[in-house]
Amino acid sequence: MQSSKKGFFTTIYNQRQLIVLTFPFLIMVLIFNYFPLWGWLLAFKDYKPYLGFQNSEWVGFKNFADLFSDVYFFQALRNTLVISCLKLIFNFLSSITFAILLNEIKNMLFKRTVQTISYLPHFVSWVVAANIIYTVLSPDYGIINELLVKFHILKEPINFLGEPQYFWFIAPITEVWKEMGWNAIIYLAAMTNIDPQLYEAASIDGAGRLKRIWYITLPGILPTVKILLIMNVGWILNAGFEQMYLLQRPSTLDYSDILETYILRYGIGSGRWSYATAAGIFNSVVSLILVTTANRIASKIGEGERVF
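For the sequence shown, counting from 1, position 249 maps to 384 in this note's numbering; every step adds exactly one.
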């Protein structure tokens, strides 16, 4: 026991510079991530700004009861889950497929050109991106409607962003357009760690390109896919406030209203600060449960890949 304690303090002494360097970041995390948690107490009060936090009445779980009895809350929760799951599926499939295709290109000039062009939408803000999407999907002069009418797929233009039934698919598709190239970077980086001798051996054994991708490339990036999947599951109740807020219209609210826009409109917008805090707590707790569950499942079925 004494030797283990001695070893522990010896390790701390040997790494004293690194430990000192971590203090500013620990303080920053405490200030910006843990200290604001005291604000969760607002969810258990009937907070009135003119009374202040101390004089506002304690109401227990009343705000949570109101939240779970509101039909619009469950509508926003349904939209959030559907849009987030579609985004997760579309983003993973498109990014992995795009990275594999780029990895197979041997012409470096063409590969870098395509890769650079695919990054560009990531640096465009959602304000600008929303205007581009409106222009492209416009029923009056949008290129999508013009092409569909020209090739006789549609008889007349459709107001895609004004019809609620299209919104669940417009959101993930536009997300893919904006982030696919950027998300593919990490998979391309993972592919660089695959031993080239594996590809050479497979070629000598007669494996074609598809078999090399299936038996070498995909298993090689599988640990990275698992880690990213765990991290993304934790954000499944965050469907993207900016994108939804900028693309949604009153006619599409039944399908485009997510938890974040619901909190803004029914909570903060109407001055119900405690109600908005209760909705925020629900969002955080569910996200924590999801990421913990995904982490445990990944560690059980995988080879020890986990975030924590």
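Note that CB positions come from ideal geometry on N, CA and C, so glycine has one too.
In angstroms, rounded to a whole number, what distance separates the CA positions of residue i and residue j?
| i | j | result |
| --- | --- | --- |
| residue 413 | residue 214 | 19 Å |
| residue 206 | residue 368 | 25 Å |
| residue 265 | residue 277 | 13 Å |
| residue 224 | residue 359 | 16 Å |
| residue 338 | residue 370 | 40 Å |
| residue 341 | residue 239 | 17 Å |
| residue 162 | residue 435 | 34 Å |
| residue 347 | residue 246 | 20 Å |
| residue 297 | residue 291 | 15 Å |
| residue 212 | residue 385 | 18 Å |
Let me confirm a value: residue i is counted as buried when at least 16 other C-beta atoms fall within 10 Å, else exposed. Which label applies?
| i | result |
| --- | --- |
| residue 336 | exposed |
| residue 208 | buried |
| residue 204 | exposed |
| residue 405 | exposed |
| residue 295 | buried |
| residue 409 | buried |
| residue 361 | buried |
| residue 426 | buried |
| residue 185 | exposed |
Would you mind stating whether residue i and residue j have Cβ atoms separated by less than 9 Å?
| i | j | result |
| --- | --- | --- |
| residue 221 | residue 303 | yes |
| residue 194 | residue 183 | no |
| residue 418 | residue 353 | no |
| residue 312 | residue 274 | no |
| residue 322 | residue 234 | yes |
| residue 374 | residue 429 | no |
| residue 176 | residue 188 | yes |
| residue 329 | residue 356 | yes |
| residue 363 | residue 227 | yes |
| residue 314 | residue 230 | yes |
| residue 393 | residue 379 | yes |
| residue 382 | residue 309 | yes |
| residue 283 | residue 293 | yes |
| residue 299 | residue 396 | no |
So, helix, strand or coil for residue i, using DSSP?
| i | result |
| --- | --- |
| residue 193 | strand |
| residue 330 | coil |
| residue 181 | strand |
| residue 257 | helix |
| residue 298 | coil |
| residue 152 | helix |
| residue 342 | coil |
| residue 290 | coil |
| residue 324 | helix |
| residue 350 | helix |
| residue 336 | helix |
| residue 274 | coil |
| residue 200 | helix |
| residue 370 | coil |
| residue 222 | helix |
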